[in-house]
Structure formats: C-alpha cells, structure tokens
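The next block holds one structure in the form of structure tokens; read it before the comments.
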Amino acid sequence: MAEPKRKAREKRAVGADPLAGLDSERLASLLVERGEGRRAGPAPAEESPRRKRIGRRAAAAPRPPEELQLELEAPPVGPRVERPRATPFEGPRAKARAPETPPAELTPPIVPGPVAVVPPPEDVLETPAVDAGDAASALAAARALAAQGRSTQAVALLERALEGPAPPAEVAVELGRAYVRAGAFNEAEEALERAGRMDPESGEARLEMGVLLSKKGLYAQAVEALREGIVMECDAARGHYYLGICLNQLDRIDEAEAAFEQAVAADPGSDRAWYQLGIVWDRKGDVDRAREMYRRARQVAAKARG
C-alpha cells in the first residue's frame, strides 16, 4: 500500500508550483535572479527554435551604451514645422483650369487719357465788370449770366446795379427772376415787391409775382396775380402758360385748356405748352387729341434742337 500512495503523491506534485512554500523575501530574490520580477502577466508562449536562435544571437551581441542611453532618454523636442495644407482648389486639375498670366512684354501699356478740366464752382467765377450806373448794360450782362446757369453771379451784379443812382424797376424784376432760378423764394418776393413799389404800373413785376406764387404752390393767389399781369404785360405766352398750370392744379380743366390754347397761339414754338395741353386732354378722356398734342410737343422740341 505504501508504493501506490507514494506514486499518487508524485502525480499530484507534477503540476505544482516549485516556488510554493517560500517566504516573501526568498521569493522576491529568486524572481529578481530569474528576471521575472519585471513580468507581472502570464508567461509568454513557447517560441520556435528559430526565434530562440535569433534571440540568443541578439542577446549575445553587446549593444553600445549610446543606444541604451537613447532608449532610456526621452526623444528631443524641437520646433514644430507647419506643413502647408493644400486647398481644395490646388492640384493638377485646378492648375489646368487656372488661366495663364500673360508675360509682361505682351501686356498692353496703359496710355493715360486726357485730363478732364473741372470747371470752378459758380461762386468762384468772377462777376463781369459792369458800370453800376448803366442799367441797360447790367441787365444784359445779368441775362447772359442767367442763360449760362450762373444765377449767383447774376444776383451779385443786379444787387450792385440797384445801388446805383435811380435804378429802374426792371432791374429789381430781373433780380427777382434770378432769385427764383436760384431757389431763394423769400429773397425773390422781396425783390418783386420792391419793383412794385418802384413802379406800381409794372405789369412785369405783377406777372413775375404770379409765377413765384405758382412755384410756391399758392395757386389761387397766383391766378389773380397772373391775370393782372397778363392784362398789364405783353408777354402773353409766359403768362398764359403759368395760368394754365395753376388752373390745372385747381382742377379747373376747361379754363386750363383755354389758357394753354392761348399760350401756344402766342408762341407756337413752346413745346412745354403743347405738352401741358396734351395732359389736359388726357384728363378730359380724349386720348386721340392728347396723343396729337404730345406729337406736336416732340416735333417742336426736335426742331428747337436743330
């Protein structure tokens, strides 16, 4: 019985750990000697004979201390080099689509054009030298300036002419017209009232006062002044034209038609009067006659342009 028991004990002891029963200090020293102190995981799988031979040769070959030192040390940290990123349009296809820049010798030279001469502002232009005592010369020069659109110079010339000895009321009337062209309605009204005081029988002053009132939108007062001016003044075309404007604004269509008819009768070359007559016929519902008036207005304007 002793032999089978001994064999059974040997069989049970075949897979037992040979380090069992050792104290901790002895176990630690053995693990260090066997090189197992750094391995905490399970034992590696058995290597093939060829791997064992390669491993033995590698272990037998001594490694230089510089390589061991480089493995232990951290890799050197240098400046980070930013590599340019390619945009979505870079590449062979984008380069093929990009237009080629023409060489410098094929680029046409830039030829400077003529330098534009900018006219000086109106208030910088010199006022013509006119004798203030010569009212006729002052009026002629002021009307020439007004035709050139130089209302400021016309006003300055007429103001100086009014300071002369015994100026006629016509100078004040022309001053009122110049102020109207400049958009200075209050100054224009003062000048026309002064003309009326200088010559109470001046139909020209009364007519220009009616024109001024029509531009200010005072149509009812303008109608009265214009009718008086038409009776006193010979400029029937200008008076009837502005009278028709005021009557049309007051919805007095028939009276406006009569006023414009008299305006074109006094001046057949007034394209504005023909056009306003077309507007009146349009408002009255006569489209055919309105078109005829518009056609005449275009003809007159074309003839005036030459």
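In the numbering used here, the protein residues as written are -5 to 300.
By construction, the Cβ of each residue, glycine as well, lies at the ideal position given by its N, Cα and C atoms.
Extent of the continuous alpha helix (DSSP H) to which residue i belongs
i, result
"residue 227", "That residue, residue 227, is in no alpha helix (DSSP H); it is neither H nor E in DSSP."
"residue 199", "197 to 209"
"residue 244", "Premise fails: residue 244 is in no alpha helix (DSSP H) and is neither H nor E."
"residue 296", "281 to 299"
"residue 170", "163 to 176"
"residue 147", "145 to 156"
"residue 186", "179 to 192"
"residue 264", "No alpha helix (DSSP H) contains residue 264, which DSSP labels as neither H nor E."
"residue 160", "No alpha helix (DSSP H) contains residue 160, which DSSP labels as neither H nor E."
"residue 133", "129 to 141"
Of the listed residues the options, nearest to residue i (C-alpha basis)
i, options, result
"residue 263", "238, 294, 248, 243", "294"
"residue 247", "187, 222, 288, 279", "279"
"residue 268", "254, 260, 165, 281", "254"
"residue 175", "210, 191, 155", "210"
"residue 186", "200, 230, 285, 284", "200"
"residue 198", "227, 281, 191", "227"
"residue 258", "277, 300, 236, 142", "236"
"residue 256", "221, 180, 292", "221"
"residue 164", "189, 177, 142", "189"
"residue 177", "298, 132, 207", "207"
Per-residue burial, residue i [other beta carbons within 10 Å of its own, 16 or more giving buried]
i, result
"residue 205", "buried"
"residue 289", "exposed"
"residue 161", "buried"
"residue 233", "buried"
"residue 130", "exposed"
"residue 128", "exposed"
"residue 270", "buried"
"residue 282", "exposed"
"residue 144", "buried"
"residue 265", "buried"
"residue 225", "exposed"
"residue 298", "exposed"
"residue 180", "exposed"
Distance between beta carbons of residue j and residue i, contact taken as under 8 Å
i, j, result
"residue 136", "residue 168", "6 Å"
"residue 231", "residue 261", "4 Å"
"residue 140", "residue 134", "Contact flag wrong, Cβ pair sits at about 11 Å."
"residue 152", "residue 172", "6 Å"
"residue 244", "residue 214", "7 Å"
Any non-hydrogen atom of the ligand NAD closer than 7 Å to residue i Cβ
i, result
"residue 284", "No copy of the ligand NAD appears in this structure; indeed no ligand is present at all."
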